[in-house]
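Just so we're aligned, residue 2 is where the sequence shown starts under our numbering, counting upward by one.
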Amino acid sequence: IIGEMFIAGDGLARGYFNRPDLTDERFLTATDPRDRFSKLRLYKTGDLARWNAEGRMDFLGRADHQVKVGGARIELGEIEARLLKHPHVQECAVAAIATSVVKPAIQTMAQNGHVEPPAVEDGIARLVAYYVSSKPVTVAALRAHLAEELLESMIPTHYVRLERMPLTSNGKIDRASLPEPTAENIQPAQDFAAPSTETEKTLAALWCDLLKVESIGRDDN
2 IIGEMFIAGD
12 GLARGYFNRP
22 DLTDERFLTA
32 TDPRDRFSKL
42 RLYKTGDLAR
52 WNAEGRMDFL
62 GRADHQVKVG
72 GARIELGEIE
82 ARLLKHPHVQ
92 ECAVAAIATS
102 VVKPAIQTMA
112 QNGHVEPPAV
122 EDGIARLVAY
132 YVSSKPVTVA
142 ALRAHLAEEL
152 LESMIPTHYV
162 RLERMPLTSN
172 GKIDRASLPE
182 PTAENIQPAQ
192 DFAAPSTETE
202 KTLAALWCDL
212 LKVESIGRDD
222 N
């Protein structure tokens, strides 16, 4: 069973310095499981973990970096770690963005012949990979690199190359400041081959509906 990790003990801090809001959010008091008449002060770490068969705790990433896409729970950090293994990718961040935000950009690109028009419900999130690279990399190359280790459901559908990542004051990637995907910044899948015959179009439409993806090319596997 996966759950959020809490810590307690004599060494636990009193709270965040000059941040009473964070202190109230992360520090709490609960009944001590060893003595129901005692109270235990806990810190909510935001980390996900589980006990394994050996009685050890497996760390599974951050709770705020897990998203649900197409019914599957996905760890964004795992995608980012694999993307950073590409020889030309220097920095990256993966975000789950509502289709209602991505769709206008894809529709504009479809009009320009870069992709097929989207055929998904607005409520479904799409994975978007933002990255900084030492040289241009095609979407096909990035997808192939990710597919070597990741499930298909974990491979981002859209890619945005940035000159630099937005950073917070302490030097971490500022995810809240990542730009929304637009027709101008989404990297087109240049190797996309649209279905041409009526049979191909019918089959592609069926698979788009079943898999909840924007488009499927005639050569896609």
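Even glycine gets a Cβ: it sits at the ideal position worked out from N, Cα and C. Note that this is a predicted model, so its numbers are computed, not measured.
Per-residue burial, residue i [other beta carbons within 10 Å of its own, 16 or more giving buried]
i	result
S39	exposed
A94	buried
L23	exposed
T158	buried
A9	exposed
I3	exposed
M58	exposed
E81	buried
L147	buried
R51	exposed
S216	buried
Reduced DSSP category for residue i - H, G, I as helix; E, B as strand; rest coil
i	result
E164	coil
S134	strand
L128	strand
S197	coil
R74	strand
T46	strand
R1	Outside the displayed span of the chain (2 to 222) sits residue 1, for which this structure offers no information.
H66	helix
E5	strand
T139	coil
S39	strand
L61	strand
R176	helix
T183	coil
Contact with chain B by residue i, beta-carbon distance below 8 Å
i	result
I75	The structure shown contains no chain B, having only a single protein chain.
Range of the contiguous beta strand (DSSP E) that encloses residue i
i	result
I98	V90 to A99
Cβ shell of residue i (< 7 Å), same chain only, five flanking positions each side left out
i	result
V68	I75, L77, A97 and A126
G56	none
R165	V133
L85	C93
Endpoints, the alpha helix (DSSP H) within which residue i is located
i	result
A82	L77 to L84
T24	P21 to R27
Own chain partners of residue i with C-beta closer than 8 Å, once the 5 adjacent residues on each side are dropped
i	result
L49	I3, G4, E5, M6, F60, L61, G62, R63, A64 and Q67
Own chain, CB closer than 6 Å to residue i, minus 5 neighbours either side, in chain order
i	result
P196	K202, A205 and R219
- Are three or more beta carbon pairs between the segment 85-94 and the segment 69-76 nearer than 8 Å? no
- Message: Counting beta carbon pairs with one atom in the segment 130-139 and one in the segment 54-67, are three or more of them shorter than 8 Å?
- Response: no
- Query: Is it a yes or a no for the segment 43-54 touching the segment 26-33, going by three-plus beta-carbon pairs under 8 Å?
  - Reply: yes
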